[in-house]
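S.K.: Here it is, the structure in full.
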Amino acid sequence: MRLSDCKTKKEGIIKEILESEFDNKMLEYGIVPGVKLIVVSRAAFGGPIYIAIGAQRIAIRKKEATHIILE
Amino acid sequence: MKKLKVALIGNPNVGKTTLFNRLCGVNQKTGNYPGVTVDKKQGNFTHLSHSIDVIDLPGFDSIYPKSLDEELVVDFLKENSGNSDVDKLLFIADGTNIKKNLYLLSQIKDLGYDIVLAINMMDVAKRKGILIDKEAIAEEFGVHVVKISARKGQGVDELKSAILLESPEMKTDKLIYLKPENHGVLMNYVKECVSENPYKAFLNITQENRIPEINVKKWKTEEAILRYQYVRKIIDKTIKIDKSLASDATTRIDRILLHKVFGYVIFMFVLLVIFQSVFSLSAYPMDLIDQFFSWLSGTLSSTLPPGSFSDLITQGLIPGIGGVIIFVPQIVILFLFFALLDESGYMNRIIFLMDRLMQKVGMSGKSVIPLISSFACAVPAIMATRTIENKRERLITIMVAPLLTCSARLPVYTILIGLLVPDQFYYGISLQALVLLAMYLLGIFTSAIAALVFKYIIKNKYKSFFITEMPSYLVPSFKNVMLTIWENTKSFVWSAGKIIVAASIILYVLATNGGEKFDKAETHIMTEFAQLPDSKKDAMVSTYQLENSYLGNLGKTIEPAIIPLGYDWKIGIALISSIAAREVFVGTMAIIYNIDSDEEMKITQRLDSEINANTGERTFNFATCISLLLFYAFSLQCMSTIAVTYKETKSFKWTSVQFLYMTILAYVVSLIAYQMLS
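So the sequence lines, in the order shown, correspond to chains A and B. For what it's worth, numbering that gives the first Met the number 0 labels the leading residue of the first sequence as 0, then goes sequentially. For what it's worth, numbering that gives the first Met the number 0 labels the leading residue of the second sequence as 0, then goes sequentially.
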């Protein structure tokens, strides 16, 4: 499943980060395969997605979230 | 006394500025890095008879730069790796969320720096039940570690002492960031290029594609994965979280503040409070400033010896300075709110909420803050666009910001609306207020349209991305808020101020000098209107002088161009003098129609009875007023904005584009409006 399709308050483990122009940026934020994340909130009208990885809270655009594959 | 040079670095939102303020207090100065528009902050403090210079580098996330700020820090780090220009790095990390910080730390450590690690926000971390074994971290990274709370000032002295300590034994370079099978390739390259530091070589290879055979992308991706594994191992060993204490208030608050419906309602409410405060709280101090400057001119003109130099001071310089200072209350209030929003962490939530909407018109969530400041003044707004990483999004934000109704337009709108609609109420709503509201909406609407157009014109070199940390909510620090207000107000007064003052003086000179007719104004009036009382004559002299001054001639020169818009040369003069700043319109109108008062009500009444010499009709008829309102809504009559756009874009082309598109838009729309309505 892609992160962009993940519902609010659902948890998931990152399986893979698809190649893109911003994959490195995501990796630097600790969005790496193997970590557990939870979707905290989603902005209205298909806006950014707010995820938490442990104590870290990150917002990413929906477009970027399509490159994150969850188990 | 021994001297040391230390650079302060870290991710954004870790309290770097707070620590810098703690260390250096008021011993700091802000400059600019050559060629780029990033603030360079430097400070100094003395500790145990050592003098320590501190450079505060911008917060950065990545050794692979994606914005101007980051590029600057990375260049700095690469340049100084292996030389002794900087003695030490002071790396600041957020104790409540240390994983990402340690990742960056491991990268910088690999560049061979001598580092002191300050783990900040330990007070908050303790409350959350986060226990950090600082000796173990010191051991793993080979750095000195000090736990601090920059906001409370805890551990700062210990940190100062740690900077003076001898650095611990350097650990031998482990190439933890590269798969073992690639070690040979890297080390061969290091030998060939005499680049001593392997990680610097690694960065050169991956950033500049120095070895064509290798898959740079793969190296970078593997680095991230390997490094996170390494960092995670260290974290498992050194950081324990007491679950019974851990309560994540931030996430729970975010469920409300970022709610799909309430989140936006709350944001609108916050916005309303900001606007309400900017305009209502500032009214009284602005009146006082206004009165003070007219008092100052009055007193000086009666005490200074009469002459053209005194006139220049009392009628050119002082009103010019007053015209800048009058905006200070609004700027202070605006930046008070921005500092509060930023310090509390809500700023990032606004960015989150608004990103999608702004994307539709080619901007980013980060454009919202500059655009909000535009309602006070475009100058701080354009300066605030620096936080937008993507060049195109930043440029579009700069281009459209001056279309929003800034407060310099308000006095102009007030007069014109006074002429246009009666001061009446319908169902308790003021008609004039409704028209003013419409002008605000027009500004918002036009800026959205203009942004859309720019979105299609400007090519996108960099893919726009949006990954941003959502910091924990914090109670703002008083000291930080005050310093933010001080820095920004100073910067506004200085950058906008010198231009408005210079323009006011030039305009004053143009308005008070002229040809033969100008010089003989007094005798002309005295002979032509000899039967009038002296008080009337004085006013007529100044009107006649202005008409025949260089400025008056300019107004007459442009008259043919503005007749189709429904204006005459008198309005032409007002348009030209507005270039200093829009609100100058009011003062110019007062002189031109020989009104002995700056009060808007009186000016409105006087203008209402004015007859246009060309048409024989009322000058300020319905069509002309609408046309003028639209002209002021769209045109870029503000030297300070032009200057700040140039300063921030470093591009003559975009500065001209902004000026031209707004001027043409203003001209065409006013032309159409006048021709249709008259």
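Ideal placement from N, C-alpha and C gives every residue a C-beta, glycine not left out.
What is the rounded straight-line gap between the Cα of M661 of chain B and the Cα of F424 of chain B?
M.R.: If you take the alpha carbons of M661 of chain B and F424 of chain B, they lie about 34 Å apart.
S.K.: In whole angstroms, what is the alpha-carbon distance linking T36 of chain B and G565 of chain B?
M.R.: Low local confidence applies: a pLDDT of 49 at T36 of chain B is under 50, so the model's placement there is unreliable, and no value is given.
S.K.: Using the DSSP secondary-structure output, state which residues sit across from G513 of chain B in a beta bridge.
M.R.: B:S548, per the DSSP bridge assignment.
S.K.: I325 of chain B by DSSP, collapsed to three states: which one?
M.R.: It is coil, neither helix nor strand.
S.K.: Between which two residues does the beta strand (DSSP E) harbouring V5 of chain B extend?
M.R.: Run containing V5 of chain B: 1–8, per the beta strand (DSSP E) assignment.
S.K.: Reducing DSSP to helix, strand and coil, say where F424 of chain B ends up.
M.R.: Note: F424 of chain B maps to strand in three-state DSSP.
S.K.: Whole angstroms are fine: how far does the CA of I484 of chain B sit from the CA of F334 of chain B?
M.R.: Distance between the alpha carbons of F334 of chain B and I484 of chain B: 5 Å.
S.K.: Could you round the C-beta distance between Y507 of chain B and Q314 of chain B to whole angstroms and report it? I think they count as a contact, below 8 Å.
M.R.: Rounded, the Cβ-Cβ distance is 6 Å, consistent with contact.
S.K.: How is L635 of chain B classed by DSSP in three states: helix, strand or coil?
M.R.: Note: L635 of chain B maps to coil in three-state DSSP.
S.K.: Please list the segments of the alpha helix (DSSP H) lying wholly inside the region 180–212 of chain B, counting only runs of 4 or more residues, in order along the chain.
M.R.: Segments of the alpha helix (DSSP H) lying fully in the region 180–212 of chain B: 182–192, 197–207.
S.K.: Taking F59 of chain B as part of the beta strand (DSSP E), name the residues at either end of that continuous run.
M.R.: Run containing F59 of chain B: none; DSSP gives neither H nor E here.
S.K.: Could you please tell me which residues of the region 212–223 of chain B, in chain order, have their CB closer than 9 Å to any CB of chain A?
M.R.: Under the 9 Å Cβ criterion, the region 212–223 of chain B contributes K216, K219, T220, E222, A223.
S.K.: Among the residues of its own chain, which have a CB less than 7 Å from the CB of T654 of chain B, if the five just before and after it don't count?
M.R.: Within the same chain, T654 of chain B has close Cβ partners I641, T644, Y645, T648.
S.K.: Contact between the region 541–557 of chain B and the region 568–588 of chain B is defined here as three or more beta-carbon pairs at a separation below 8 Å; is this criterion met?
M.R.: Touching, yes, given that three or more Cβ pairs across the two stretches are closer than 8 Å.
S.K.: For Y263 of chain B, verify whether its CB is less than 7 Å away from any heavy atom of the ligand ATP.
M.R.: Annotation note on the ligand ATP: not contained in the displayed structure, which lists no ligands.
S.K.: Could you tell me which uninterrupted alpha helix (DSSP H) segments, each at least 4 residues in length, are contained entirely in the region 138–178 of chain B, listed from first to last along the chain?
M.R.: For the region 138–178 of chain B, whole alpha helix (DSSP H) runs of length 4 or above, ordered along the chain, are 155–163.
S.K.: Would you kindly report the start and end of the unbroken alpha helix (DSSP H) that includes D86 of chain B?
M.R.: Per DSSP, D86 of chain B belongs to no alpha helix (DSSP H) and is neither H nor E.
S.K.: Run the CB neighbour count on K159 of chain B, radius 10 Å, all protein chains shown included, and call it buried at 16 or more, exposed below.
M.R.: It is buried - the Cβ of K159 of chain B has at least 16 other Cβ atoms within 10 Å.
S.K.: Three-state secondary structure (DSSP) at Y412 of chain B?
M.R.: Y412 of chain B falls in the helix class under three-state DSSP.
S.K.: Hey, quick one: how far does the beta strand (DSSP E) through G45 of chain A stretch, first residue to last?
M.R.: Neither: G45 of chain A is in no beta strand (DSSP E) and is coded neither H nor E.
S.K.: When the distance is taken between beta carbons, is E15 of chain A closer than 8 Å to I52 of chain A?
M.R.: No, they are not a contact pair.
S.K.: Report all residues from its chain with a CB closer than 7 Å to the CB of I416 of chain B; omit the five preceding and five following residues, and keep chain order.
M.R.: Taken in chain order, the residues that qualify are Q431, V434, L435.
S.K.: Is there a Cβ of chain D sitting closer than 8 Å to that of R1 of chain A, yes or no?
M.R.: As a matter of chain content, chain D is missing from the structure shown, whose protein chains are A and B.
S.K.: Under a three-way DSSP split, which group does A383 of chain B fall into?
M.R.: A383 of chain B: helix per DSSP, three-state reduction.
S.K.: To the nearest whole angstrom, what separates the beta carbons of L482 of chain B and N96 of chain B, a pair I think is in contact under 8 Å?
M.R.: Rounded, the Cβ-Cβ distance is 24 Å, inconsistent with contact.
S.K.: May I have the straight-line CA-CA distance separating V668 of chain B from S626 of chain B, to the nearest angstrom?
M.R.: Taking the straight line from one Cα to the other gives about 8 Å.
S.K.: At 8 Å on the CB atoms, spell out the chain A contacts of D253 of chain B, in chain order.
M.R.: Per Cβ cutoff of 8 Å: V39, S40, Y49, R56.
S.K.: What is the residue span of the beta strand (DSSP E) that V115 of chain B lies within?
M.R.: Segment 114–119, the beta strand (DSSP E) holding V115 of chain B.
S.K.: Identify whether F619 of chain B lies in helix, strand or coil by the three-state DSSP scheme.
M.R.: It is coil, neither helix nor strand.
S.K.: Taking D22 of chain A as the query, report the chain B residues whose CB atoms sit under 9 Å from its CB, ordered along the chain.
M.R.: Chain B residues near D22 of chain A: K216, K219, T220, A223.
S.K.: Excluding five sequence neighbours on each side, which residues of the same chain lie with their C-beta closer than 8 Å to the C-beta of N26 of chain B?
M.R.: Correct list, in chain order: G42, N43, F44.
S.K.: Identify the contact partners of A43 of chain A in chain B, using a Cβ-Cβ distance below 7 Å as the criterion.
M.R.: K259, Y263, listed in chain order.
S.K.: Measure from the C-beta of L17 of chain A to each C-beta in chain B and report whether the shortest distance is under 8 Å.
M.R.: Judged by the 8 Å Cβ criterion, L17 of chain A is not in contact with chain B.
S.K.: Cβ of I67 of chain A less than 8 Å from any chain B Cβ?
M.R.: For I67 of chain A, the answer is no, since every Cβ of chain B falls outside 8 Å of its Cβ.
S.K.: Is I59 of chain A close to chain B? Criterion is C-beta to C-beta, closer than 8 Å.
M.R.: I59 of chain A counts as touching chain B.
S.K.: Look at the alpha carbon of L271 of chain B and the alpha carbon of S446 of chain B, and state the distance between them as a whole number of angstroms.
M.R.: Approximately 20 Å between the Cα atoms of the pair.
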